[in-house]
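In the UniProt record's numbering, the protein residues as written are 1 to 913.
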Amino acid sequence: MVVVLRDRPFVDVTKKFAPEHFHQMVLRDGVFHCFRDGVHPPCTCAECEQQFRSSSLQLKDIFTYSKALSYIEAENLAGSLVSDAASDIQYLKHQCAVNGELIMKRWKKSALKRKNYILQVDPDIYPHQWCDAYFMHDFYLKAIKQPATEGVEYDFTPGGERRSHPNVCLLPYINLEGLMNEPARFLSLLYNRTRYSPQDWAPHDNLLLGKQFELGALETFYNRSCIIMHGEEYGKLIEWHKEKAHGWNYIGFPRGILILQAQQRLLQFLRKVVDQVLVGTNGNGAPSQINAIAKAFEHGFEKANDTSSAVEFASAYLNQPFSTPPVFDLEALLSIAQSQLNMHEDHLWLLQTDPAYTRRYISHVLAGQFGQILVKNHKDITTGGKLMRDATIYWFWEGVLEEVLKVRDVHLKFKNVIHSDEPLPEPYERALASLEALLNHQIQYRSKYIHRILPFRPGFHQNFKFINNSRLQTVSIGPVRLDGAPAIPEVFFKDKLDWCLRTLAGDNIDPVKAWIPNATPQHNHAMLFAVLDEHLTQCRREGRKEEVARLDEVLYSEFSDLAAIHQMLDMVGLHRPRCAQRGLEGIGISEKSKGWRYINKHFFAQDSFRAVKVGPDGRWHDSEYIPMKEAGSQKIAAEQRLAKLMNEFLATPKPTGSRIRQEWLDQDASQRAALSQLWAGARDRHRQTLQRLDFDENDIVSDLKVLSADSHPDYIISLRNEQDEIKSKILQRTRKHQMVNEQMVALNLEVHIPDITPKFEFRELKAKTKTRSVANPPPIPVGVPQSPSLSEAAQELPTRIQVSVSKSALGIFHSMFPSHSSEEASQKSVKWDSFVLAMAEPELGFVARHSAGGSAVQFEPNEKSKWFGEGKIVFHKPHPVPVIDPVMLSSMGKRLRKWFGWDNETFLLKGKN
């Protein structure tokens, strides 16, 4: 009998890595299978296991090294890849300078032409976008077809099924479908891969390899050295050093050589395609004075028009591989955190001061099954809880901003001793790790919430039946899928939107690894957001409005916020040297900043919307352990109080008709008083929670500040001024009618018509305390000055800034900033694109960019704007229809007034004084 000791030809490895080499006996179902050659990694930490193969993983054939290279062999391989890449870059630069215009012209000609160019260069190119989704689906189909009688096939792995497609595993964005259908992608690759060096792209290229390396999808070679991944010595070998390898500026050879291979293959592919496009031409002419490709891409993919300063970039996720290389940027991190904080602050401000905005928002929250299944009391509890959760999101961004500012301050302190070749100073590394862990914690928190509400939203509830198990004051609604809960790999082809949202919300872990804490997701989140962006874009292009509308406004906001957190997390991960990754247990105990106080005191665990189960005693119990949990009776009583206030607000009549009426003023005062009572209840609820969790008074005062906009002196004075203007208008109208009436009486007397009684009798309105149940306007607190007279106010106000705009822009801004004395609130809707162009008018000069994180669009004044240096503001592009409705248009105007002081008189018609 012959016993196979190794499942591969014997390789003499003793001279190459003798101390690390070992023979490993492989068992299958407890029975000897074979011996395999293995190599111990130089370090077994989490960082090094992403650069070398662990000893235990090498039990599977897919994770064994294909070759062991000597130092000279490894050095020559790395050197040749770097040299070839550099040669291709120079060649491509020359061709872009000489034939850039011709390359663009021919490449843009048709999709069929592009397909032919690509297939002539690489007949075996992977045909589909999103190769990961296709690979997972193919593996799933093979796995379920395996007969159960054959037992477990240990070497049948997802990575093994990908081995026949090495190019797309190295370069997932190089596929026939994407390059053929989107001409800008290839041209942008040509521009950005020649404009920036391979070392600039190394962190991004390394990030794309993470999942493929973990799965064993790529053949790996062993050498104990590291590859230098930065600076002038990029691509050279150096002896492995623990601290340097942990910083990722020096990467273990098995992982590092894959980065060099990916870059060389990409540049080789670009060169061959350019040669194919230029067949029949002489590519050795003199360089043109204008590089046509560079000129076309210096402003990004899309510009609103040639005369406007409104630049709207396409999806950051969808186009990241084709854009400039992403880098760690402290100012960008700060900008995202500050923009998100301001946006959520404004949202809370409007919820407290704008009844129409609040009513609109609540109606969106209750859309879908929440509004259909819940009884009235539970609806009020749900919406009250949602308002408190929105405040929690604001406090999270407060904590993130504090962490980013801490990173910036520590960086300034140590910037002279932060070098690529040395470990990070301990305080700076800790600050980075603290920010990273905080972002990771919040991703899990947000994902759980989205996962729970997704079945109830209007676009997805049709896939479920809902079992209402309400008991006493507790409501529990269990969604059960009607379609038999198809496996996630199948959903990609049946319902791509559902696949994107479910996977982003947590259905992204291999079931085999579900028990492992912080298991690596099956799909990179950047790829998931890219699939989502591409799907929505395609649906809009095809006019599939119903599909786009399934991602309703509430979900859109949640996923946008999640995307912003992911963007920040990616950016922190790009820092070189890299900070060591730590979990909550490794950081939270010693950190004292606001974000960590909330985590350490278990504030985020107190969510009222959470998973429950029926215990052995027949009562409801939380599915997960809730530290510092609120007593059930106390929780119910607090929620009922807030629900009662919510019900009273929603029951108040909405003001209708002309604003120039006392009845309208009374109704408006009544609804504002009810809204103020609701937020007074919210403040009481939050104070009780913080006191129960042992927060100190400073935190309580700080938190309640953002929940007190309705009692802020500025708001009270503004509201009083608005009411005074309307009362003045009512008085003017009353006096005018009285004068007309008196004139009619006099005329009748002159023509001797006796006993004429006026048809109308108007009385001058006098301020008095009402005895009926209509609420008075909020009183001005002690210490708040009374409204000044118009002459006094004119003297106190700074010089007004005014700008001239086009007629169309003027109409938009007058709808956003109606006069207080207008008869009725504007009912005008505005297209988003029209608003972007209006903000970009030459004298305004606000440039729109996707740089605020997620789907938010940031508007920032350019250098020619009169508001340059005064800050920026962020708005969400309306979804699913890119039209701003009247309520949102009004709320956007209020935010612009708050931050920039704009009003109805800021805008003049161009060409007129």
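Each residue gets a CB set at the ideal place from its N, CA and C atoms; glycine is no exception.
Q) For R672, which residues of its own chain have a beta-carbon under 7 Å away from its beta-carbon, when the five flanking residues on both sides are left out? A) P355
(Q) If you follow the beta strand (DSSP E) that L250 is in, where does it begin and where does it stop? (A) At residue 250 the sequence reads Tyr, which differs from the Leu that was named. Start and end: 250–252.
Q. Based on the DSSP output, what are the partners of P479 in its beta bridges?
A. F466
**Q.** Neighbour-count burial assignment, L171, 16 or more Cβ in a 10 Å radius
**A.** buried
Q. In angstroms, rounded to a whole number, what distance separates the CA positions of W395 and F695?
A. 14 Å
Q.
Given a cut-off of 8 Å on the beta-carbon distance, is the pair F63 and H40 in contact?
A. Annotated as distal: F63 and H40, with beta-carbon spacing of 8 Å or more.
Q. Hey, is the stretch 252–264 in contact with the stretch 74–88, meaning 3+ C-beta pairs nearer than 8 Å?
A. Taking a contact to require three or more Cβ pairs closer than 8 Å, the stretch 252–264 and the stretch 74–88 qualify as touching.
**Q.** Closest by C-alpha distance to N223, when choosing among H94, D668, Y65
**A.** Y65
Q: Less than 8 Å between the CB atoms is what I'm expecting for P458 and A367, so what's the real figure, rounded?
A: 5 Å
Q: With DSSP as the reference, please indicate the residues paired to V847 in a beta bridge.
A: E860
Q: Check whether the stretch 172–182 touches the stretch 117–130, counting contact only when three or more Cβ pairs, one atom from each stretch, lie closer than 8 Å.
A: yes
Q: List the endpoints of the continuous beta strand (DSSP E) containing L497.
A: Element bounds for L497: not the beta strand (DSSP E) but the alpha helix (DSSP H), 496–504.
Q: Determine the burial state of C539: buried for a count of at least 16 other Cβ atoms within 10 Å of its Cβ, exposed for fewer.
A: buried
(Q) Judging by CA-CA distance, which residue of Y317, P425, G657, S323 is the nearest neighbour of A296? (A) Proximity to A296 across Y317, P425, G657, S323 peaks at S323, based on C-alpha coordinates.
Q.
Suppose the cutoff is 6 Å on Cβ atoms and the five residues either side in sequence are ignored; what does the same chain contact list for S791 look like?
A. Model confidence at S791 stands at a pLDDT of 38, short of 50, so the residue's coordinates are unreliable; what they give is reported in the following sentence. Hits under 6 Å: none found.
Q) Would you report the Cα separation of K766 and A682, rounded to the nearest angstrom? A) Here K766 scores only 41 on pLDDT, less than 50, and its place in the model is too uncertain to base an answer on.
Q. D275 to Q199, Cα distance in whole Å?
A. Spanning the two alpha carbons is a distance of roughly 25 Å.
Q.
Along the chain, where does the beta strand (DSSP E) containing R36 start, and where does it finish?
A. 31–39
Q) What residue from H128, Q129, G159 has the CA that sits closest to Y140's CA? A) G159
Q: Could you tell me which uninterrupted alpha helix (DSSP H) segments, each at least 4 residues in length, are contained entirely in the stretch 337–398, listed from first to last along the chain?
A: 355–365, 369–373
Q) Where does the unbroken beta strand (DSSP E) through I873 begin, and where does it stop? A) 873–876
Q: Would you kindly report the start and end of the unbroken beta strand (DSSP E) that includes V554?
A: Run containing V554: none in the beta strand (DSSP E); it sits in the alpha helix (DSSP H), 553–573.
Q: Report yes or no: do the stretch 535–549 and the stretch 206–213 share at least 3 C-beta pairs separated by less than 8 Å?
A: no
**Q.** Inter-residue spacing [alpha-carbon to alpha-carbon] between L908 and V803
**A.** Looking at the backbone, the Cα of L908 and that of V803 are separated by about 6 Å.
Q: Use the C-beta contact count for R619: other C-beta atoms within 10 angstroms, 16 or more gives buried, fewer gives exposed.
A: exposed
Q. Is the stretch 673–693 close to the stretch 590–610, with three or more CB pairs under 8 Å?
A. Because the criterion of three Cβ pairs below 8 Å is met, the stretch 673–693 and the stretch 590–610 touch.
(Q) Suppose the cutoff is 6 Å on Cβ atoms and the five residues either side in sequence are ignored; what does the same chain contact list for Q352 look like? (A) W679, A709, D710
Q: Assign D714 to one of three DSSP states: helix, strand, or coil.
A: helix
Q. Which residues mark the beginning and the end of the beta strand (DSSP E) in which F22 is found?
A. DSSP places F22 in the uninterrupted beta strand (DSSP E) bounded by 21–28.
Q. Quick one: what's got a C-beta closer than 7 Å to P203's C-beta in the same chain, skipping five residues either side?
A. If we look at P203 and ignore the five residues flanking it on each side, its Cβ neighbours are L574, R576.
Q. What does a CB cutoff of less than 6 Å around H67 pick up in its chain, not counting 5 residues either side in sequence?
A. It is worth fixing the name first, because residue 67 is Lys in this sequence and not His. Excluding sequence neighbours, K67 sits near F221.
Q) When we look at the beta-carbon of A611 and count the other beta-carbons within 10 Å, is it buried (16 or more) or exposed? A) exposed
Q: Using the DSSP secondary-structure output, state which residues sit across from Q237 in a beta bridge.
A: The question names Gln, but residue 237 is Leu in the sequence shown. Its beta-bridge partners are I227.
Q | Enclosing alpha helix (DSSP H) for F52 [first to last residue] | A | Looking at the DSSP string, F52 is not in any alpha helix (DSSP H), and its letter there is neither H nor E.
Q) What is the DSSP secondary structure of D622, reduced to helix, strand or coil? A) strand
Q. Taking the alpha carbon of C500 as the point to measure from, which residue in D483, S55, Q522 has its own alpha carbon closest?
A. Checked all of D483, S55, Q522; the closest Cα to C500 is Q522.
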